[in-house]
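Below is one structure, written out as structure tokens; comments come after it.
Residue numbers (UniProt numbering): 1 to 297.
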């Protein structure tokens, strides 16, 4: 029997291979550190954090029918995530992500989400075949959507009646894929979660603060945006109000997944009924705890 679902997490679910060193790293650095493999991907990171906050997320993604995929499905189920709607491909391998982090932050990363991209609209089949809704009775709950999807699929989602009644929360996969969100910039029910660099890429501006960037996105047609700027500030903007808060000061020990943690914590806080001001503060505190290494992934 399928568990009651609180939110759909649509996008990348893969294996993260992350190498971390306490040393400052430069191009060509060869230093001691730790390498670990963990469940990851934007949709997965958000879902895992939501589960820690007591919510029941369902994954809509593509996972291969290989050993890595079987292991990933088991990991997801063990964390309480609903995997009944995952598209399992016979011929596409399970996706992966590789990153190197030093004391000076993220050094480099490569995201191999080609299977997700090739699967395309197959990952959202359940949205229209009656399992999660159809055009007559579309899904009307929370959806977390990540920018690893192709531009064509994001455009399809932006105009599809299957998503018109949902509370759509959207995050780019990385600055390199931020421009994919242009397809959803003017969506009437979408809330965008971006960092300052991604906001500047979307607006073609050179904003220097989260508040300035958030206002620029609203001017471009966004209904609501949340813009983060590392340890400096974060802003929640709509056409009638902008809220800006400072995150706690912590020692940063990791960065991969911090933005996803912020987004998930914010969604969970609002679902609990917290005000916009309180939800932003809750999300900043959760992200600070995460990057400090105090909370395991």
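Glycine is no exception: its CB is placed at the ideal position from the N, C-alpha and C atoms.
Fewer than three pairs of CB atoms, one per stretch, sit closer than 8 Å, so the region 18-32 makes no contact with the region 50-68. Under the DSSP assignment, residue 235 falls in the beta strand (DSSP E) whose first and last residues are 234-238. Counting only residues of its own chain and dropping the five nearest sequence neighbours on each side, residue 143 has a CB closer than 6 Å to the CB of 8, 166, 168. Contact between residue 162 and residue 128 holds: their C-beta atoms lie close to 5 Å from each other, under 8 Å. The beta-carbon distance between residue 213 and residue 203, rounded to whole angstroms, is 7 Å. This is short enough to meet the 8 Å contact definition. If you draw a straight line from the Cα of residue 146 to the Cα of residue 291, it is about 21 Å long.
For the set 96, 159, 224, 246, the Cα lying nearest the Cα of residue 135 is the one of 159. Within the DSSP bridge table, the entry for residue 169 names 144, 191 as partners. In the DSSP assignment, residue 98 falls outside any alpha helix (DSSP H) and lies within the beta strand (DSSP E) extending over 96-102.
For residue 89, there is no enclosing alpha helix (DSSP H); the residue is part of the beta strand (DSSP E) that begins and ends at 87-89. Counting only unbroken stretches of 4 or more residues, no alpha helix (DSSP H) element lies wholly within the region 43-68. Sequence-distant partners of residue 157 (beyond 5 residues in either direction) whose C-beta falls short of 6 Å from its own C-beta, in its chain, are 163. For residue 215, there is no enclosing beta strand (DSSP E); the enclosing alpha helix (DSSP H) has its first and last residue at 210-219. Put simply, the backbone Cα of residue 176 is about 15 Å away from that of residue 98. Residue 279 has its alpha-carbon roughly 6 Å from the corresponding atom of residue 266. Within the DSSP secondary-structure output, residue 111 pairs in a beta bridge with 97. Residue pairing of residue 228 in beta bridges, as defined by DSSP: 195, 234. About 6 Å separates the beta carbons of residue 227 and residue 196, which is inside the 8 Å limit, making them a contact pair. For residue 153, the uninterrupted alpha helix (DSSP H) segment begins and ends at 151-159. In this structure, 253 is the residue among 253, 49, 83 with its C-alpha nearest to the C-alpha of residue 105. Assigned with DSSP and collapsed to three states, residue 82 falls in strand. Excluding five sequence positions before and after residue 37, the CB atoms of its chain that fall closer than 6 Å to its own CB belong to 15, 17, given in chain order.
Residue nearest to residue 240 within the set 275, 218, 293 is 218 (criterion: CA-CA distance).
If you draw a straight line from the Cα of residue 181 to the Cα of residue 201, it is about 10 Å long.
Annotated three-state conformation of residue 241 is coil, per DSSP. Using a 10 angstroms sphere on the CB of residue 114, the tally of other CB atoms stays under 16, which defines it as exposed.
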